[in-house]
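What follows is a single structure, written as structure tokens, with notes after it.
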């Protein structure tokens, strides 16, 4: 891990696209943190679980995302990545290791009603960005607010941990 130069971050209100509630906080400088591999390149391994038949579609979506990038700095050219030429199934992830009774999530995720609730976590409601009259599609096109957990979270399971936590928004 490498802490790099400072980068400018701008916080904007979702309704007005202007500075945040405290305009003094609207522009701030943060230290960039990157992951550098042994070869000096920045590497990050992505492991995912997908239903049969969906893995190819997900890889296609990741391929598209690799060209545009992701994250807070995508508009200034950050967040692009390369995919390996030979992605492989990670069969070792089909079942959690024996004796595991908790899960740590390092990213924001939408909890499922069946997920454990005991642990150290913080939830928030993500409001959709909408314009006048509910955005481009009017009220019919309005997205619903989503409850998410902030990273990181540590959740303790009543029994053994399951192979999957969280849920997908299937009617998006």
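In my numbering, the protein residues as written are 208 to 379.
Idealized CB from N, CA, C, for every residue including glycine.
From a predicted model like this one, the values you see are computed outputs, not experimental measurements.
Note down, in chain order, each residue of its chain lying with its Cβ closer than 6 Å to the Cβ of residue 278, except the 5 sequence neighbours on either side.
-> One-based indexing of the chain shown puts residue 278 at position 71. Excluding sequence neighbours, residue 278 sits near 286.
Report, in whole angstroms, the separation of the C-beta atoms of residue 290 and residue 269, which I expect to be a contact under 8 Å.
-> Reading the chain shown from its first residue, position 83 is the one you call residue 290. Reading the chain shown from its first residue, position 62 is the one you call residue 269. Between residue 269 and residue 290 the Cβ distance is about 6 Å, and since that is below 8 Å, they are a contact.
Flag this pair as yes or no: are the beta carbons of residue 309 and residue 356 separated by less than 8 Å?
-> Within the chain shown, the letter at position 102 stands for residue 309. Within the chain shown, the letter at position 149 stands for residue 356. Contact: no.
Where residue 271 falls: helix, strand or coil (DSSP) | Residue mapping note: residue 271 aligns to position 64 of the chain shown, counting from 1. The answer is helix: DSSP assigns residue 271 an H, G or I state.
Cα separation between residue 254 and residue 352?
-> Residue 254 sits at position 47 when you count from the first residue of the chain shown. Residue 352 sits at position 145 when you count from the first residue of the chain shown. If you take the alpha carbons of residue 254 and residue 352, they lie about 27 Å apart.
Under 8 Å, do residue 365 and residue 296 count as touching if we go by C-beta distance?
-> What you label residue 365 is simply residue 158 of the chain shown in a count that begins at 1. What you label residue 296 is simply residue 89 of the chain shown in a count that begins at 1. Taking 8 Å as the Cβ cut-off, residue 365 and residue 296 do not qualify as a contacting pair.
Near residue 378, what residues of its chain come up, given a Cβ to Cβ distance below 6 Å and the 5 sequence neighbours on each side ignored?
-> As a position in the chain shown, residue 378 is number 171, starting the count at 1. Low per-residue confidence applies at residue 378: pLDDT is 49, beneath 50, and the placement is therefore not dependable, though the value from the model is reported in the following sentence. Nothing meets the Cβ criterion.
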